[in-house]
Amino acid sequence: MELTLWTYEGPPHVGAMRIASSMKDIHYVLHAPQGDTYADLLFTMIERRGQRPPVTYTTFQARDLGGDTAELVKKNIKEAVERFKPKTLLVGESCTAELIQDQPGALAKGMGFDMPIVNLELPAYSKKENWGASETFYQLTRTLLKEKVSSIEKISPLRWKELGRRPKVNILGPSLLGFRCRDDVIEIQRILSEQGIDTNVVAPLGASPDDIERLIDAEINICLYQEIAESSCEWLRRNFGMEFTNTIPIGIKNTIAFINEVHNKLDLPITNKQELEHKSKLPWYSKSVDSNYLTGKRVFIFGDGTHAIAAAKIAKEELGFEVVGLGTYSREMARQLRSTAKELNLEALITNNYLEVEDAMKKAAPELVLGTQMERHSAKRLGIPCSVISTPMHVQDVPARYSPQMGWEGANVIFDDWVHPLMMGLEEHLIDMFKHDFEFVDGHQSHLGHTATKTEDFVNSEDKEDKNSNEGIIWTESGRAELTKVPFFVRGKVKTNTEKYAILRGIPEISDETLYDAKAYFS
Amino acid sequence: MKFLMSKVEFNKETGPREVFCGLTSIVWLHRRMPDAFFLVVGSRTCAHLIQSAAGVMIFAEPRFGTAILEEKDLAGLADAHEELDRVVNDLIVRRPEIKTLFLVGSCPSEVIKLDLATVAEKLNKRFSGQVRFLNYSGSGIETTFTQGEDGALKALIPLMESSDEEKLLLVGTLANNVEDRFKKIFRNLGISNIESFPPRQSTELPKIGKNTKVLLTQPYLSDTARDLKHRGCEIISAPFPLGIEGSTEWFLAAAKAFKISEFKVHEIISPLINRAKLALESHKEILKGKRLFLLPESQLEISLARFLHNECEMDLIEVGTPYLNKDLMKEEINLLPDNTKIVEGQHVEKQLDRVRESNPDLVVCGMGLANPLEAEGISTKWSIEMVFSPIHGIDQAADLAGLFSKPLRRNQILTSKTLVTH
């Protein structure tokens, strides 16, 4: 039993709903009680969907449990098939139905329908949402393509040459309630098309079962979101020989590496290598003088595996930030994230507990947080600017404008979204210059608004903890007074550093001089 | 199934539903009693449901959480009880400010027959004097949406001490400002001893007994009302205080129970009524003659239908309700126009067919259905807003009407010249 106050991922059947809702001509009969219908609002509210998710909830009640819940399942399946006429039917159960073991998938298969039926067994008490999405997409792909395995030769990535046409690829993984998938797909298709590569199928987003059956018309697969598509890509490789790409095209370096990987796999020469660096404004924006102030900005990153790993690389290599914390809630991608963290000399944070993330954030004292909707809340409490880079997300993270994360335009969006919460370069210089003027009081906080706590509260409230944790270090009047003169946005860092220094040197009382000693020591 | 009672047409429907379960009430209950904690014993789905329904209301450490059952908890009940013990212990250590802890049953905990009552009893002994433990079920196999509050309040009743003091007890969660207004009006009527249930602190439970006169503020408290009656309380029969008419009848019923003259009531509330009628005018102009379809969700549907027809002159196509307690709703049903079609339960697909066929001007529905209906060109109002907004009382009548006139007004603005639709 695990005490959870808030969770990054929903149950696995919500993952299945993400696949069903992303696609066309599919219906999902979910053996579940009425309360589980809440999941519809994730799609209709967060994504502002104008269609209901294609899901029928059997809505069993306590009084049904003594009787025949299996009959109820069959009745709902029959009605759903008659009403929605799906080309493929998904059948599964949520956590409660798993306990009563009606085996709805087996029941559906015995009802004599001629459409393909996918029996989803998603263990609700051990697995989570992304796993459920991945498993559903895999089972669906397998069900629709397994008969072709023996009748088709292995697919060579070079097949397009023999066929005398442009190479074709599938883009796999984008789904509803994924982060900016809608726009990533457009961006990646545009890039591929510029490179002379056609998109065969995008799935699950916007695909129908017919499209899944057409997957094998492509030469290779683009695995755009590992969390959702990796197991399907592996199955397609094992059974049809289709190779797939591993590079996630987020950031300039990775977009270029992605293009190279695709070209290499297809044995398609790159003719526009020189142009690629200039496709996005990020490299120049990052080099331009105003961005000097970005150097060494301390950034804390937490999100799903794909976006957290990509963010760490961009932060360090393309924006010149210092990554001071890196973590994910995607246990499936823990190993990959750990190796990225190791390269950055960091201990990876793998957890599903947002309070642990908040604690780590506090300790790392970052100047910018890149996280999920929850880190936005935590960062707000701590008075730190934040940009959302990953699900779970809020309705405001599904913007009306085109705002991908991937490719050239994605890099532009990332530059703006991560830099705007920070203070602009000139602005920071000015504040530094004028910080001793009497107008510069705590209330004055530039465009960031008033989120940081007042100095007095800050010193006093932390004092109580300090007496326990920091071996009785005391801030003298002069030390306190000096600390209030430090601009609010670096005050936390200065305080921590000074205390660290005091402990190191065995100084029991922090005066104004200690502050300057510490400053010199750490500079 | 169809049968006629009085002048209203009753129908029952079963099938797939689109309704929240009782766990959802935690979203407002934990705000009402800040010293209480609601611990759902359930699955990841339960945790996900509450956080999704609560939307952005995420606090650093919210006063609700879920003890998520894992594979090993399902293997043996004895172990599950022990595990729950451990989780509760950790929680109490971490949150010493908690005075009352509700163990809330869910669909999975009910199905595996976790005995939360016994767990609560044991914990009560161990933490005696520090924390009180209660249990109720908010499971979706037994309860819908607002029924969760009924369960929580019913669980508190055994803790209420007895007293024969005469008092008026307002039962059901209200917004604090609305509650204060009501108390002021009752005091002006000459009723001095007024208490609320649930109280604002979980430990400050009112005493009850044979001279307690209970006035329900919400229409979803069947079990609570029944148990209060068993404790000797008198349940005042009245419509619910939504709109001018409902609130007036509600005040009158209370006054009658305290032998206060009707004249006195009218004297006190007439200025309020006049003011409210004036405020209602602009909304009525928009709502008048518009056709309304209410899907079942909050259990407030019948009262809302009565208000929107009688005071805002809307036409009622269908009034859905998750369940119907005819006894509790008697006074409301009597105020409904002839031939009102009430549908208890739901077959969401068939009901949506009827929505489309009847071409309504406004549909009251849950958040899962609102945008899809809007995309079909049908205006909607989410029902969840009714349980989060101060809508009770004469002073709030115009605000209540405003919740329904706003989508229609918005449609007029957007479709006239500013936007080309479809």
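Sequences listed follow chains A and B, in order. For the first sequence, my numbering gives the first residue as 1, with consecutive numbering after it. For the second sequence, my numbering gives the first residue as 1001, with consecutive numbering after it. From the three backbone atoms N, C-alpha and C, an ideal C-beta is built for every residue, glycine too. Everything numeric in this text was worked out from a predicted model, so none of it was measured.
Per-residue burial, residue i [other beta carbons within 10 Å of its own, 16 or more giving buried]
i          : result
B:Val-1343 : buried
A:Pro-508  : exposed
A:Asp-217  : exposed
B:Glu-1313 : exposed
A:Asn-272  : exposed
B:Gln-1412 : exposed
B:Ser-1303 : buried
A:Ala-520  : exposed
A:Gly-50   : exposed
A:Met-406  : buried
A:Pro-86   : buried
A:Ser-523  : exposed
A:Thr-527  : Limits of chain A in this structure are 1 at one end and 523 at the other, which puts residue 527 of chain A out of reach.
A:Ile-552  : Beyond the ends of chain A as shown, which are 1 and 523, falls residue 552 of chain A; an answer cannot be given.
A:Tyr-402  : exposed
Best match in the options for proximity to residue i [C-alpha to C-alpha]
i          : options                                           : result
B:Glu-1149 : B:Gly-1172, B:Ile-1141 and B:Ser-1128             : B:Gly-1172
A:Leu-65   : B:Asn-1177, B:His-1048, B:Leu-1039 and B:Glu-1142 : B:Glu-1142
A:Pro-215  : A:Pro-421, A:Gln-226, A:Ser-193 and A:Cys-233     : The amino acid occupying residue 215 of chain A in the given sequence is Leu; Pro does not appear at that position. For the residues A:Pro-421, A:Gln-226, A:Ser-193 and A:Cys-233, the minimum Cα distance to A:Leu-215 belongs to A:Cys-233.
A:Leu-319  : A:His-307, A:Ser-339 and A:Ser-291                : A:Ser-291
B:Thr-1380 : B:Val-1088, B:Phe-1404, B:Leu-1400 and B:Val-1087 : B:Phe-1404
A:Ile-117  : A:Tyr-125, A:Leu-483, A:Ile-100 and A:Leu-145     : A:Leu-145
B:Gly-1065 : A:Lys-127, A:Glu-2 and A:Glu-121                  : A:Glu-2
B:Asn-1011 : B:Lys-1326, B:Arg-1356, B:Ile-1394 and B:Glu-1357 : B:Lys-1326
B:Ser-1163 : B:Ala-1117, B:Arg-1126, B:Lys-1207 and B:Leu-1029 : B:Lys-1207
B:Ser-1237 : B:Pro-1108, B:Gln-1299, B:Ala-1255 and B:Met-1314 : B:Ala-1255
A:Gly-472  : A:Phe-258, A:Pro-269, A:Gly-506 and A:Ala-97      : A:Gly-506
B:Gly-1209 : B:Leu-1221, B:Leu-1362 and B:Glu-1161             : B:Glu-1161
A:Ala-334  : A:Gly-407, A:Thr-372 and A:Asn-352                : A:Asn-352
A:Thr-56   : A:Ala-39, A:Asp-68, A:Lys-485 and A:Tyr-8         : A:Ala-39
B:Val-1019 : B:Arg-1356, B:Trp-1250, B:Ile-1394 and B:Val-1348 : B:Val-1348
B:Lys-1277 : B:Leu-1400, B:Val-1319, B:Glu-1204 and B:Leu-1369 : B:Leu-1400
B:Arg-1095 : B:Leu-1328, B:Gln-1130 and B:Pro-1337             : B:Gln-1130
B:Leu-1308 : B:Gly-1345, B:Asp-1361, B:Val-1265 and B:Gln-1351 : B:Asp-1361
A:Lys-75   : A:Ala-20, A:Arg-52, A:Phe-43 and A:Ala-108        : A:Ala-108
Pairwise C-alpha distance: residue j and residue i
i          : j          : result
A:Lys-78   : A:Val-29   : 10 Å
B:Leu-1215 : B:Ile-1235 : 6 Å
B:Ala-1053 : A:Glu-162  : 55 Å
A:Thr-498  : A:Asp-512  : 10 Å
B:Arg-1306 : A:Met-111  : 46 Å
A:Val-413  : B:Lys-1330 : 59 Å
A:Ile-270  : A:Leu-282  : 22 Å
A:His-31   : A:Thr-59   : 7 Å
A:Val-398  : A:Glu-98   : 33 Å
B:Pro-1198 : B:Val-1027 : 14 Å
A:Met-45   : A:Ile-212  : 28 Å
B:Asp-1315 : B:Asn-1274 : 24 Å
A:His-394  : B:Pro-1372 : 19 Å
B:Val-1008 : B:Glu-1357 : 22 Å
B:Gly-1402 : B:His-1283 : 6 Å
B:Val-1088 : B:Met-1033 : 19 Å
A:Met-115  : B:Val-1119 : 48 Å
B:Arg-1433 : B:Cys-1233 : Lying before the first or after the last residue shown, residue 1433 of chain B is absent from chain B, which here runs from 1001 to 1422.
B:Arg-1291 : A:Gly-383  : 49 Å
Test: residue i CB closer than 9 Å to a CB of chain E
i        : result
A:Arg-52 : Checking the listed chains, one finds no chain E in this structure; the protein chains it contains are A and B.
For the segment 1325 to 1358 of chain B, enumerate the residues whose C-beta is nearer than 8 Å to any C-beta of chain A, in chain order.
Only those residues of the segment 1325 to 1358 of chain B whose C-beta falls short of 8 Å from the nearest C-beta of chain A are listed: Glu-1349.
Within 7 Å of chain B by C-beta, residues of the segment 21 to 49 of chain A in sequence order
Under the 7 Å Cβ criterion, the segment 21 to 49 of chain A contributes Pro-33, Gln-34, Gly-35, Asp-36, Thr-37, Tyr-38, Asp-40, Leu-41, Leu-42, Thr-44, Met-45, Arg-48 and Arg-49.
Positions along the segment 1019 to 1041 of chain B whose CB lies within less than 7 Å of some CB in chain A:
Result list: Val-1019, Phe-1020, Cys-1021 and Leu-1023.
Whole alpha helix (DSSP H) runs in the segment 1134 to 1164 of chain B with 4 or more residues, listed along the chain?
You should have 1147 to 1156.
Inside the segment 1318 to 1378 of chain B only - beta strand (DSSP E) runs reaching at least 3 residues
The beta strand (DSSP E) runs lying completely inside the segment 1318 to 1378 of chain B and spanning 3 residues or more are 1341 to 1345 and 1362 to 1365, given in chain order.
List in chain order: all unbroken beta strand (DSSP E) runs of 3+ residues lying wholly within the segment 159 to 186 of chain A.
Every beta strand (DSSP E) of 3 residues or more that sits fully in the segment 159 to 186 of chain A is shown, in chain order, as 168 to 172.
Minimum length 3: unbroken beta strand (DSSP E) runs contained in the segment 61 to 142 of chain A
As for any beta strand (DSSP E) of minimum length 3 sitting wholly inside the segment 61 to 142 of chain A, the runs are 88 to 93 and 117 to 119, ordered along the chain.
Quick one: which residues of the segment 1048 to 1074 of chain B get their C-beta closer than 8 Å to a C-beta of chain A? List them in chain order.
Under the 8 Å Cβ criterion, the segment 1048 to 1074 of chain B contributes His-1048, Leu-1049, Gln-1051, Ser-1052, Ala-1053, Val-1056, Ile-1058, Ala-1060, Glu-1061, Pro-1062, Phe-1064, Gly-1065, Thr-1066, Ala-1067, Ile-1068, Leu-1069, Glu-1070, Glu-1071, Asp-1073 and Leu-1074.
Which residues, taken in chain order from the segment 338 to 355 of chain A, show a beta carbon closer than 8 Å to some beta carbon of chain B?
If the cut-off is 8 Å between Cβ atoms, the segment 338 to 355 of chain A has Leu-355 near chain B.
List in chain order: all unbroken beta strand (DSSP E) runs of 3+ residues lying wholly within the segment 211 to 270 of chain A.
Runs of the beta strand (DSSP E) spanning 3 or more residues and lying entirely within the segment 211 to 270 of chain A occur at 220 to 223 and 243 to 245, in chain order.
Taking Cβ-Cβ distances below 8 Å as the criterion, which residues of the segment 1111 to 1137 of chain B are in contact with chain A?
Correct list: Val-1111 and Ile-1112.
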